[in-house]
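Numbering (this note's numbering), first residue to last: 248 to 322.
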């Protein structure tokens, strides 16, 4: 992992998180925080995909075909 210079206060907070969470190292704490953040972001993306899939499922196909027949190009 890349070495980063941090303040004493940040080191103290990271070590507190490490000891309270039962982690063996600060690296494990940071990796777990990153993993949780990525999972939360993916959950948000998944919810957006579900909403879009539902909106697509609610489209009236007959109306869509009728509108495509009015298109100025061949469908």
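Just so you know, even glycine gets a beta-carbon here, dropped at the ideal spot from N, CA and C. Small disclaimer: the values here were computed from a predicted structure and weren't measured.
By the 16-neighbour rule on beta-carbons within 10 angstroms, residue 276 is buried. Take the alpha-carbon of residue 303 and the one of residue 294: they are about 14 Å apart.
Shown here, residue 307 sits in coil according to DSSP, grouped into three states, outside any helix or strand. Taking the C-beta atoms as reference points, residue 282 is found no nearer than 7 Å to residue 273. Cβ neighbours of residue 252 within its own chain (closer than 6 Å, five residues either side excluded): none.
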